[in-house]
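In this note's numbering, the protein residues as written are 2 to 207.
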C-alpha cells in the first residue's frame, strides 16, 4: 500500500481522479504546516493569530438641557445624555471595544473623567486618539459592530450619518462599521426613558 487511495482500492472501493492544485498540500508533519502557512500568506490569507477582538459597553442617564449626541450626530430630542464629555454612549462603547482589542486598557484610563481637557469634548476626537494609539501598537480596525439601546427617539434615520462619522474618525470605510438600534420593550431604566446604553465589538488585525 503506497497511499490512502491504494488502501481504499484494496478495500474494494473505486477511486476517482480529480484535478488538484499543487498548493493544496496534505498536512502531516510540522514542516508541512509551516509550508501551508507560507503558501497561505502568499495567497493573501490572514493569519488568525494576528486578529484580536474587543468588546465594549457603556450607559448614561438622560437629563434635560443636554444635547443628545450619538455616533457623533446631534439627534433632535428633548433630553440628552449626562456625562463629562458629550456622553456619546455608542462611541464610548466602541472606544472600550477598541481598547480591549488593542490592549489599551479602558476609556476611563485613557481619558479620565473630571479632567478639564475632556469636558464637553466630542467623543469623535477621543475615538480618533484611541485609533492612533492602537495603530502605534501595530493594530488596524477590521470592522466595528455596535448596538444602541434606547426607548426613544427613533434612531434609524440617523444611522447612515453615524456610520460615516465613525468611519472617518477611524480612517476606514463606512462599510466596515455597523450600527444598530433597538429598544428594551419598555423594560428597565432604558425602557422607562431614564437613560441609554450601547455595546460594541471591535475586530483588529496587527
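Note that the Cβ used here is the ideal one computed from N, Cα and C, for glycine as well. These numbers were taken from a predicted model, which means no experiment stands behind them.
Between residue 193 and residue 27, what straight-line distance do the alpha-carbon atoms span, to the nearest angstrom?
59 angstroms
Measuring CA to CA, which of 183, 64 and 135 is closest to residue 87?
Answer by Cα proximity: 64.
Take the Cβ of residue 150 as the centre, count every other Cβ of all protein chains shown within 10 Å, and call the residue buried at 16 or more, exposed below.
buried
On the CB-based measure, 16 or more other CB atoms within 10 Å of its CB, does residue 42 come out buried or exposed?
exposed
Consult DSSP for residue 69 and reduce its assignment to one of helix, strand or coil.
strand
Taking 6 angstroms as the limit between beta carbons, can you name the residues of its chain near residue 59, skipping five residues before and five after?
90, 93, 94 and 199
Tell me which residue opens and which closes the alpha helix (DSSP H) that residue 151 is part of.
Premise fails: residue 151 is in no alpha helix (DSSP H) and is neither H nor E.
Between the segment 166-182 and the segment 138-148, do at least 3 Cβ pairs fall closer than 8 angstroms?
yes
For residue 84, name the three-state secondary structure that DSSP assigns.
coil
From residue 96 to residue 129, what does the alpha carbon distance come to, in whole angstroms?
9 angstroms
Evaluate contact between the segment 149-163 and the segment 3-23, counting only Cβ atoms and requiring at least three cross-stretch pairs below 8 angstroms.
no
By DSSP, does residue 169 sit in helix, in strand, or in coil?
helix
Give the straight-line distance between the Cα atoms of residue 205 and residue 167, rounded to the nearest whole angstrom.
15 angstroms
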